[in-house]
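Q: Heads up, the sequence shown is in this note's numbering, so the first residue is 20 and it goes up one at a time.
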Amino acid sequence: MLFRRRERATPYLLLMPALAIMAFVVVIPLGFSLYTSFTGYRLIKPETINDFVGFRNYQRILTDPEFWIPFGRTVLFLTVALNIEFLLGLGIALLINQITWGQRTLRTIMMFPMMFSPILVGFQFKFLFNDNIGVVNNALQSLGLTGFAVPWLVDGFLAFFSITFAEVWMSTSVFAILLLAGLFAMPRDPIEAARVDGCNPWQTFRHITLPFLMPFAYIAMAIRSLDVARAYDIVKVMTAGGPAGRTELLWTLIARTGYENSRMGMANAMAYFSTILSILFTWYFYRKLVASRRYMGGLE
């Protein structure tokens, strides 16, 4: 009997170190941050960690334009980036799928941008779009396309375009890789049948290829939506949320509130509230994934 009890307990004992690490690294910090979101905790006043204020931080968020404007800008940034990445990734995947020589090399090169750290990408594009020494402005002026330095990171609209461009450059390969995998897995019989029936290339792509690829696209969108919704590194390095807050996104606002203004309780409340954005986008893409699989007959 004792031997059987030890045998049953062995798996749980083996899991204890992993569970302890998970509790120390994930559960305890999450619990602490959740608690502080209900307090007036300020980094410069440690004693305020006991200043329990209930839902006051969340109530202030709901009525604070300084939170909702970056929230809406983050949704816009996420929507624009995901759609551009999907279109570019789809085009790249279709082109590579047509190549018969050097395809493996191109697939490897295609993965290079996603291997770089977002901080390095931010510094790279910060200097590319620099007003005075930037490669982009020097190229435009050398070609005679403009006679002045374009304020890429100073003008609000151009700065938003610049960070979006950097994000798209870094992450389009995620869509391209997953969509290319979908093209490799796609059966050829429906395409051949469509050609026999007289469908032109656009009709074949619209009604056969694209619906088959959409589950792969929604997987990529779910992954990327979580990353873009937490975008911080590129924006912080390139514009720091400027000019005048015109590129301020959720997580740059949260970092500024928590570390520059020392309002850690409010920052944690913003962080937990902003998780709603990630949850909604993930749920939306999951539902679209299920619908697309049902459309293709892959899920009942």
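From the three backbone atoms N, C-alpha and C, an ideal C-beta is built for every residue, glycine too.
Would you mind reading off the limits of the alpha helix (DSSP H) that contains Arg-126?
A: 122–129
Q: In this structure, does DSSP put Arg-61 in helix, strand or coil?
A: strand
Q: In three-state DSSP terms, what is Phe-144?
A: helix
Q: Between the alpha carbons of Thr-258 and Ala-168, how many angstroms are there, rounded?
A: 17 angstroms
Q: Is it a yes or a no for the region 196–212 touching the region 154–168, going by three-plus beta-carbon pairs under 8 angstroms?
A: no
Q: Closer than 7 angstroms by C-beta to Arg-282: which residues in its own chain qualify, once you throw out the five before and the five after it? Chain order, please.
A: Arg-61 and Thr-276
Q: Is the beta carbon of Ile-182 less than 8 angstroms from the beta carbon of Ile-253?
A: yes
Q: Excluding the 5 residues flanking Tyr-77 on each side, which residues of the same chain have their C-beta closer than 7 angstroms to its C-beta?
A: Ala-288 and Phe-292
Q: With distances taken from CA atoms, which of Phe-224, Val-72 and Ala-239 is nearest Thr-191?
A: Ala-239
Q: Please check the pair Leu-233 and Ser-311, which I expect to be a contact at CB under 8 angstroms, by giving their CB distance rounded to whole angstroms.
A: Sequence check: residue 233 is Met here, not Leu. With a Cβ gap of about 4 angstroms, Met-233 and Ser-311 count as contacting.
Q: Just checking, does the region 193–201 make contact with the region 126–136 on the three C-beta pairs under 8 angstroms criterion?
A: They touch, by the three-pair rule.
Q: Does the structure place the region 69–89 close enough to the region 43–57 that three or more beta carbon pairs sit under 8 angstroms?
A: yes
Q: Kindly give me the distance between the Cβ atoms of Leu-202 and Ala-112, rounded to whole angstroms, as I take these residues to be in contact under 8 angstroms.
A: 6 angstroms
Q: Can you tell me whether Ile-115 is buried or exposed? The criterion is at least 16 other CB atoms within 10 Å of its CB, across all chains shown.
A: buried
Q: Here's the rule I'm using: 16 or more other beta-carbon atoms within 10 Å means buried, otherwise exposed. How should Leu-299 be labelled?
A: exposed
Q: According to DSSP, is Phe-74 helix, strand or coil?
A: Of the three classes helix, strand and coil, the one that applies to Phe-74 here is coil, per DSSP.
Q: Mind listing, in chain order, the continuous beta strand (DSSP E) runs of no fewer than 3 residues lying wholly within the region 233–294?
A: You should have found no qualifying run.
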